[in-house]
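In the working numbering, the protein residues as written are 3 to 250. The beta-carbon is built from N, C-alpha and C at its ideal position, and this holds for glycine as well. It should be emphasised that the depicted structure is a prediction, and the values quoted were computed from it without experimental measurement. One structure is given below, encoded as C-alpha cells.
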Amino acid sequence: MEPGDIIYEGKAKTLYEHPEDENLAVMEFRDDITAYNMQKVDTVEGKGVYNCLISAKLFEVLEEAGLPTHYEELLDERRMIVKRLDMFPLEVIVRNIATGSLVERLPFEEGQELEPPIVEFCYKSDEYGDPLVNRDHIKALGLAEDTEVDVMKELALRVNEILSEFLKDHDIILVDFKLEFGKTKDGEIVIADEISPDTCRFWDAETGQSLDKDIFRKDEGDVLAGYREAAERILRDDEEKAAMLPRE
Ligand code: ADP
Ligand code: UDP
Numbered sequence: 003m004e005p006g007d008i009i010y011e012g013k014a015k016t017l018y019e020h021p022e023d024e025n026l027a028v029m030e031f032r033d034d035i036t037a038y039n040m041q042k043v044d045t046v047e048g049k050g051v052y053n054c055l056i057s058a059k060l061f062e063v064l065e066e067a068g069l070p071t072h073y074e075e076l077l078d079e080r081r082m083i084v085k086r087l088d089m090f091p092l093e094v095i096v097r098n099i100a101t102g103s104l105v106e107r108l109p110f111e112e113g114q115e116l117e118p119p120i121v122e123f124c125y126k127s128d129e130y131g132d133p134l135v136n137r138d139h140i141k142a143l144g145l146a147e148d149t150e151v152d153v154m155k156e157l158a159l160r161v162n163e164i165l166s167e168f169l170k171d172h173d174i175i176l177v178d179f180k181l182e183f184g185k186t187k188d189g190e191i192v193i194a195d196e197i198s199p200d201t202c203r204f205w206d207a208e209t210g211q212s213l214d215k216d217i218f219r220k221d222e223g224d225v226l227a228g229y230r231e232a233a234e235r236i237l238r239d240d241e242e243k244a245a246m247l248p249r250e
C-alpha cells in the first residue's frame, strides 16, 4: 500500500495519511534514536523493525485483554495501520521499580520496588523538556479534563498489569514505561503511539540486564542486540511476526 501525505514527522516515527480512510493513519518506525531531549542522537539500522513488531505484539495483547488501542494491523515489518487520533499532549509514565529520572529527582533507592506502582503525567513538549504536571496544571493548561485524566490513569494501570504478566512469562521484567493517549472522532480515549524498548524499560528477568533504550542512554554496548533479544523473547509464540525479524 502506498501511504498518503505525511501528517507528522517525529523523532523516531513518521505518520502518514491513510490513502482511503481519513479515520486511519499509517505509522512508520524509523531507525532514528534520541535521548535526553535530543542531546544524544543517532541512527541504529534495523531498530525501527524491532520497535514496530514489538509494539504490534503488545498492542495485540492489550486488545485481547479488552483494552482500547489505536492498533489496527501490521502492514509490513516497519509500518502499521492505526486509528488517526486527536492526541493528548501528555506522557503517562508507570513505574514498578525506581530508576532513571525518578531516583535523580526524589530519594528513592535505585532498584527499589514500587508497590503500588507510581503513575506520573508529563507535559509532552520538547520546548519545556517534558516536565511533570499534576491534575491542576493539566486542567489549567486545558490539556485534558479531570475525568479524562482518571480514564488515562486507570487504563495505564491496567496496561501495567497485563503487560507485566505477559512479559514475565517471556523472561522480561517491566520496570517502567511511557504511554500516550488520544481520542477517536467518537470521543473514545485509546492507547496510542508505541510500546517498545524506546518507551519501556525491559530488564532480563535473570540478570537484570537492560534490553531497551538505556543501553543507548548510558552507552552500555550494542543497542540493536538488546532490542533483538527483547523482540525474540516477546515474539517467541508468534510465528508470523517472528518470521519478519531481520536475519542476524
Ligand atoms: P515525537 O513526537 O516525540 O518526536 P515520534 O517520532 O514517536 O515522537 O512521533 C510520533 C507522533 O505521532 C507523536 O507525536 C505521537 O504523539 C503521535 N501519534 C501517536 N499515535 C498517534 C495516532 N494514533 N494518531 C495521531 N497521532 C499519533
Ligand atoms: N520515557 C519515554 N519518553 C520520554 C520519557 C520517558 O518513553 O520522553 C519512558 C522511558 O523509556 C522509561 C519511562 O518512560 O521507560 C520513565 O522514564 P524516566 O522518567 O526515568 O526518564 P529518563 O530516564 O528517560 O529521563
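Just to confirm, are residue i and residue j a CB contact at a threshold of 8 Å?
i: Cys124; j: Leu92; result: yes
i: Ala2; j: Lys215; result: As shown, the chain starts at 3 and ends at 250. That puts residue 2 outside it, with no answer to give.
i: Leu165; j: Val43; result: no
i: Val161; j: Leu181; result: yes
i: Ser198; j: Ile56; result: yes
i: Met29; j: Leu17; result: yes
i: Lys59; j: Arg32; result: no
i: Arg97; j: Pro133; result: no
i: Met40; j: Ala194; result: no
i: Ile191; j: Glu163; result: no
i: Thr101; j: Glu115; result: no
i: Gly311; j: Leu226; result: Past the edges of the chain, shown from 3 to 250, lies residue 311, and the structure says nothing about it.
i: Asp206; j: Asp173; result: yes
i: Val94; j: Val51; result: no
i: Phe218; j: Leu176; result: no
Buried or exposed: residue i, going by 16 or more other Cβ atoms within 10 Å of its Cβ?
i: Glu167; result: exposed
i: His139; result: exposed
i: Asn53; result: buried
i: Tyr10; result: exposed
i: Gly228; result: buried
i: Glu196; result: buried
i: Ala233; result: buried
i: Tyr130; result: exposed
i: Thr209; result: exposed
i: Glu106; result: exposed
Cβ-heavy atom distance between residue i and ligand 2 below 7 Å?
i: Cys54; result: no
i: Phe110; result: no
i: Lys180; result: yes
i: Arg203; result: yes
i: Gly102; result: yes
i: Asp132; result: yes
i: Lys215; result: yes
i: Asp221; result: no
i: Ile99; result: no
i: Glu93; result: yes
i: Asp44; result: no
i: Asp34; result: no
i: Asp128; result: no
Quick one: does the C-beta of residue i sit closer than 7 Å to a heavy atom of ligand 1?
i: His72; result: yes
i: Val84; result: yes
i: Met89; result: yes
Give me the Cα-Cα distance between residue i and residue j, rounded to the nearest whole angstrom.
i: Phe183; j: Glu250; result: 34 Å
i: Ile236; j: Arg81; result: 18 Å
i: Ser212; j: Asp221; result: 12 Å
i: Glu117; j: Ile8; result: 42 Å
i: Leu77; j: Met246; result: 11 Å
i: Asp188; j: Arg86; result: 12 Å
i: Asp185; j: Asp23; result: Looking at the sequence itself, residue 185 is Lys, so the reference to Asp does not match. Cα to Cα, Lys185 sits roughly 17 Å from Asp23.
i: Phe179; j: Ala244; result: 23 Å
i: Glu241; j: Leu108; result: 43 Å
i: Thr71; j: Glu65; result: 7 Å
i: Ser103; j: Ala27; result: 33 Å
i: Leu145; j: Asn136; result: 11 Å
i: Pro5; j: Glu75; result: 14 Å
i: Arg238; j: Lys141; result: 43 Å
i: Gly12; j: Asp171; result: 33 Å
i: Asp128; j: Val46; result: 22 Å
i: His20; j: Tyr73; result: 14 Å
i: Leu157; j: Glu147; result: 15 Å
i: Asp2; j: Leu69; result: A question about residue 2 goes unanswered here, because the residues of the chain that appear run from 3 up to 250.
i: Thr201; j: Asn25; result: 25 Å
Going along the chain, which unbroken runs of the beta strand (DSSP E) with 3 or more residues stay wholly within the stretch 189 to 217? 191 to 194, 202 to 206
Counting only runs of 4+ residues fully inside the stretch 115 to 162, write out the alpha helix (DSSP H) ranges in chain order. Secondary structure within the stretch 115 to 162: the alpha helix (DSSP H) runs of 4 or more consecutive residues, fully enclosed, are 137 to 142 (chain order).
Residue ranges of each beta strand (DSSP E) run of no fewer than 3 residues wholly in the stretch 51 to 98, ordered along the chain? Those beta strand (DSSP E) runs which fall completely within the stretch 51 to 98 and span 3+ residues are 73 to 78, 81 to 85.
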